[in-house]
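Okay, structure first, notes after.
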Amino acid sequence: MFYNQKYRNVFFQICLIASIFGLAYWLVDNTRANLAQIGLDIGFDFWNQPAGFDIAFTLIDYNSATSTYSRVFFIGVLNTLFVSMLGIVAATSLGFVIAFLSLTQNLLARKIAGFYVEIFRNTPLLVQCVFWYFGVITALPSVRNSLNIWDISFINQRGMYFPKPLFSDIIYVVLIVALCCVAAAIILSWLNNKRQIKTGKRLPIFWINSAIMIMIPASLAWSLGLTVSWDIPVLQGFNFRGGILFPPELMALFLALTMYTSAYIAEIVRSGFLSVDFGQTEAAKALGLRQGFINKLIIIPQALRVIIPPLTNQYLNLIKNSSLAVAIGYPDLVSVFTGTTLNQTGRAIEIVLITMLFYLFVSLVISMLMNWYNRRQALVER
Amino acid sequence: MTKQKTLPHQQYNAYWYQRVLAWIIRNFFSSITNTVLTVLLGYILYVTIPPLFDWLFIKATFSPAESRAACNPDGACWSVITSRWEQFFYGFYPEDQRWRINLAFIILIMLTFWMLFKKLPARKYAGLILFLVSPGLCFWLFYGGWGLPVVETGLWGGLMLNLIAGGVGIVFTLPIGVILALGRRSELPVISTFCVIFIEFVRGVPFITVLFMSSVMLPIFLPDGIVIDKLLRAMIGIAIFGGAYMAEVVRGGLQALSKGQYEAAYALGLGYWKVNRLIILPQALRIVIPGIVNSFISLFKDTTLLTQIGIFELLGIAQAATRDPNWAGLGKEGYIFTALIFFSVCLAMSRYSLHIEHKLNQSSHKKRL
Chain A
150 MFYNQKYRNV FFQICLIASI FGLAYWLVDN TRANLAQIGL DIGFDFWNQP
200 AGFDIAFTLI DYNSATSTYS RVFFIGVLNT LFVSMLGIVA ATSLGFVIAF
250 LSLTQNLLAR KIAGFYVEIF RNTPLLVQCV FWYFGVITAL PSVRNSLNIW
300 DISFINQRGM YFPKPLFSDI IYVVLIVALC CVAAAIILSW LNNKRQIKTG
350 KRLPIFWINS AIMIMIPASL AWSLGLTVSW DIPVLQGFNF RGGILFPPEL
400 MALFLALTMY TSAYIAEIVR SGFLSVDFGQ TEAAKALGLR QGFINKLIII
450 PQALRVIIPP LTNQYLNLIK NSSLAVAIGY PDLVSVFTGT TLNQTGRAIE
500 IVLITMLFYL FVSLVISMLM NWYNRRQALV ER
Chain B
44 MTKQKTLPHQ QYNAYWYQRV LAWIIRNFFS SITNTVLTVL LGYILYVTIP
94 PLFDWLFIKA TFSPAESRAA CNPDGACWSV ITSRWEQFFY GFYPEDQRWR
144 INLAFIILIM LTFWMLFKKL PARKYAGLIL FLVSPGLCFW LFYGGWGLPV
194 VETGLWGGLM LNLIAGGVGI VFTLPIGVIL ALGRRSELPV ISTFCVIFIE
244 FVRGVPFITV LFMSSVMLPI FLPDGIVIDK LLRAMIGIAI FGGAYMAEVV
294 RGGLQALSKG QYEAAYALGL GYWKVNRLII LPQALRIVIP GIVNSFISLF
344 KDTTLLTQIG IFELLGIAQA ATRDPNWAGL GKEGYIFTAL IFFSVCLAMS
394 RYSLHIEHKL NQSSHKKRL
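Here it is in structure tokens:
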């Protein structure tokens with residue numbers, strides 16, 4: 150009976166399950182014993198206790214005296230997502246620019262792109278982070294000698310100050326109308342595609358849609374009298390007041406994440422475009438398409454198919470890498486929750502578990518979104 | 044993006060200066076956009092490179108010194124590195140014992156060359172020695188015992204520690220990755236589910252949380268009497284994290300093999316382990332050598348995170364050096380030096396992987412076709 154493959158398989162699997170459960174039981178038992186020794190147990194009652202420490206950069210209201218650890222968690226999550234979003238947008242744009250530089254005929258551009266990619270891919274992200282933070286940004290001029298950009302933005306040791314737009318209340322009306330216009334534009338282009346398939350004729354949809362999306366909200370804003378005033382940062386005493394402040398930690402982390410990831414994205418995009426056979430371009434030219442149409446209809450769709458899966462991976466990596474914030478003190482999830490909160494409450498197991506679940510959740514959501522998009526883009530085989 | 048071919052008569056009948064001119068025009072001024080790009084990029088380089096070069100080399104101070112005051116303020120102050128370079132490489136390892144580290148690395152480097160260069164004899168033993176014998180030997184040299192004075196792991200540091208952590212990663216992640224990858228493709232549902240959950244869980248969380256887990260939480264999980272060294276705990280984290288990524292790389296190789304290989308091997312009457320050891324893995328691993336090297340590179344870069352759990356590897360030493368009041372404000376120099384070292388090691392590895400990839404692209408069965 151032992152030599153029967155079927156029985157053996159079942160036997161091995163039962164062994165594995167038993168050993169996993171045995172190991173888990175042993176670990177849980179040890180943990181309980183260890184925690185009992187230091188007088189702790191597993192519990193989430195810290196969740197509603199006041200945190201009592203300051204956070205340098207918050208997107209939602211926070212008061213160190215009254216806000217709870219749950220608030221700290223959400224601040225960490227928002228800060229992580231905030232820097233990740235900024236990083237993803239910037240890294241994608243920069244990565245495409247570098248990729249196009251490396252695909253031009255210009256030797257200088259190709260060499261520069263190559264150097265860029267090699268330098269930023271082959272140095273650790275953490276080194277880049279601390280380089281930007283301790284090497285560059287904290288070495289910026291002091292508040293009194295700030296770098297002045299046209300008297301509206303200022304850069305100094307304490308961060309970057311931007312003017313903050315203040316709109317009158319009509320902005321909400323205009324925003325809703327603008328959203329409706331975007332929806333209308335999408336529907337119109339869909340209708341246009343259907344019409345093209347049916348009749349072969351095509352409206353100049355790009356111009357029509359641009360007109361809808363820009364002219365209607367703009368004219369509405371003008372006719373309702375939308376006013377914009379700018380809250381410009383002003384030097385008062387020892388610091389700037391007003392405007393939007395990007396603290397130095399955010400700047401350093403953003404720069405490091407963007408440059409590191411853009412090097413990878415540039416390589417992905419480059420290989421994606423190179424993977425489209427030159428024969429495709431030649432065939433498209435033989436059909437009489439213009440260069441713009443060749444790119445839009447032939448090259449980019451095929452390249453995207455190759456680019457998107459690894460690009461998703463890079464986005465996920467960027468979100469996970471944003472946890473390096475802890476090294477420079479940007480208050481992301483790992484820094485304020487897995488760091489400060491853990492130190493204050495001593496609830497290591499619960500907090501690390503929550504942190505890991507958050508990252509797993511984000512990974513899951515993004516890969517699901519990207520799989521959905523990828524399925525739409527993928528080759529439909531007969 | 045378009046390809047241009049020079050015709051044969053253009054190549055051979057032109058004078059050399061015509062050819063040079065043609066090359067320049069083709070590469071820099073072939074169209075209006077190309078010319079604009081050349082001028083723009085050339086201007087950016089002209090503005091940035093000379094001052095940078097000045098700062099890095101011409102005006103920089105290289106000689107060892109007592110403090111920052113001895114440096115030229117207009118240039119880089121490399122003295123912070125030259126006056127304590129031993130710390131950057133060996134950490135706080137006792138000075139009279141450093142020959143042990145040098146010896147171990149010389150042995151490792153020689154073994155690696157033996158393994159990588161085709162022309163040397165008995166190459167298959169080199170890999171075995173490198174992966175089975177040398178870890179023990181190196182551990183003995185580093186840690187001591189059996190006649191050598193013991194050096195506690197708390198004194199290890201600097202680049203040496205990055206190399207050790209990377210090396211341990213290389214030795215352990217590959218087997219873990221192979222086992223996980225085989226497990227994930229296993230037909231037994233329990234084993235494959237377990238492997239999928241493990242791999243996806245580890246790959247879904249940041250490395251720093253895995254490190255926290257292994258350094259902070261492992262002691263809570265283990266019974267009271269067992270104390271694991273801090274460095275060892277970090278290594279466990281590295282092995283788990285690297286192993287999960289390696290598993291995905293190996294799985295790529297396994298999926299690239301045709302089913303016929305399995306069927307043929309089973310038809311010969313080989314068992315599961317023999318099929319994998321003799322037929323599948325040698326082919327699958329060869330296909331994914333570039334991927335394996337790439338994950339070694341990221342593993343090596345990730346060793347800088349050990350600083351975050353209080354282990355003084357190269358970056359930690361650089362940070363400590365630039366926080367010394369005598370050298371305060373020299374962050375740039377310390378980090379540029381650190382980056383340079385990582386850059387050279389990683390570049391060498393990535394060039395090797397490119398070289399292998401190139402060789403694989405013109406591999407044996409393609410030639411046969």
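Heads up: the protein sequence lines correspond to chains A and B, in order.
Heads up: take any position in the first sequence, counting from 1, add 149, and you land on this note's numbering.
Heads up: take any position in the second sequence, counting from 1, add 43, and you land on this note's numbering.
Don't be surprised by glycine CBs; every beta carbon is placed ideally from N, CA and C.
- Nearest in C-alpha terms to B:M153, of all of B:S235, B:L173, B:V193 and B:L397, is B:L173.
- Going by DSSP, B:I279 is part of no beta strand (DSSP E) but of the alpha helix (DSSP H) stretching over K273 to A299.
- Your pair A:Y522 and A:I417 does not check out as a contact, with CB atoms roughly 15 Å apart and the cut at 8 Å.
- Of the residues A:L509, A:R454, A:L257 and A:S472, the one whose Cα lies closest to the Cα of B:G247 is A:L509.
- Excluding five sequence positions before and after A:I204, the CB atoms of its chain that fall closer than 8 Å to its own CB belong to Y211, S213, V221, I224, P480 and V485, given in chain order.
- Residue burial annotation: A:G349 is exposed, with fewer than 16 other C-beta atoms found within 10 angstroms of its C-beta.
- For A:Q385, the beta-bridge partners assigned by DSSP are A:N388.
- In this structure, B:M203 is the residue among B:I340, B:M203 and B:Y168 with its C-alpha nearest to the C-alpha of B:L184.
- In terms of beta-carbon proximity, A:Q162 lines the interface with chain B, with at least one pair separated by less than 7 Å.
- Three or more beta-carbon pairs drawn from the segment 413–427 of chain A and the segment 450–465 of chain A are found closer than 8 Å, and the two stretches are therefore classed as touching.
- Here DSSP, grouped into helix, strand and coil, assigns B:G188 to strand.
- Between A:F195 and A:R496, the C-beta spacing is below 7 Å.
- With 16 or more other CB atoms across the displayed protein chains lying within 10 angstroms of its CB, B:T365 is buried.
- A:Q345 counts as exposed, since fewer than 16 other beta carbons sit within 10 angstroms of its beta carbon.
- For B:V193, the CB contacts under 7 Å within the same chain, skipping 5 residues up- and downstream, are Y186 and G187 in chain order.
- In this structure the segment 265–280 of chain A lies against the segment 374–384 of chain B, because at least three pairs of beta carbons, one per stretch, are closer than 8 Å.
- A:M505 reaches chain B at V248 and T252, counting residues in chain order whose Cβ is nearer than 7 Å.
- Only residues of its own chain outside the window of five on either side were considered, and among them Q429 and A433 have a CB closer than 6 Å to the CB of A:I447, listed in chain order.
- Between A:N466 and chain B, the shortest Cβ-Cβ separation is not below 7 Å.
- Closer than 7 Å to the CB of B:A382 there is at least one CB belonging to chain A.
- Just so you know, the alpha carbons of A:L227 and B:G280 end up roughly 27 Å apart.
- Neighbours of A:T180 in chain B, taken as residues whose beta carbon is under 7 Å from its own, are I263 and F264 in chain order.
- Chain B places no beta carbon closer than 7 Å to that of A:F442, leaving this residue out of the contacts.
- Chain order gives no chain A residues near B:T104, where near means a beta carbon separation below 7 Å; the closest approach is about 17 Å.
- About 6 Å separates the beta carbon of B:L358 from that of A:V276, a gap short enough to meet the 8 Å contact definition.
- What A:V326 touches in chain B, judged by beta-carbon distance under 9 Å, is nothing: the nearest beta carbon there is about 38 Å away.
- Close to A:T253, with beta-carbon spacing below 9 Å, are these residues of chain B in chain order: M44, T76, N77 and L80.
- Put simply, the CB of B:C238 is far from chain A, with every gap to its CB atoms at 7 Å or more.
- For a Cβ distance threshold of 9 Å, residue set N179, A182, N183 and Q186 of chain A lies close to B:D267, ordered along the chain.
- In the structure shown, the three-state DSSP call for A:N342 is helix.
- For A:I191, the closest C-alpha among the options A:C164, A:M519 and A:L502 is that of A:L502.
- Using a Cβ-Cβ cut-off of 8 Å, B:M260 is close to A497, I498 and V501 of chain A, given in chain order.
- Assigned with DSSP and collapsed to three states, B:G170 falls in helix.
- Under the Cβ distance rule, A:G308 does not count among the residues neighbouring chain B, no pair being separated by less than 7 Å.
- If you check each beta-carbon in the segment 466–487 of chain A against every beta-carbon of chain B, the ones closer than 9 Å belong to I468, K469, N470, S471, S472, L473, V475, A476, V483 and T487.
- Secondary structure of A:T253 (DSSP, three-state): coil.
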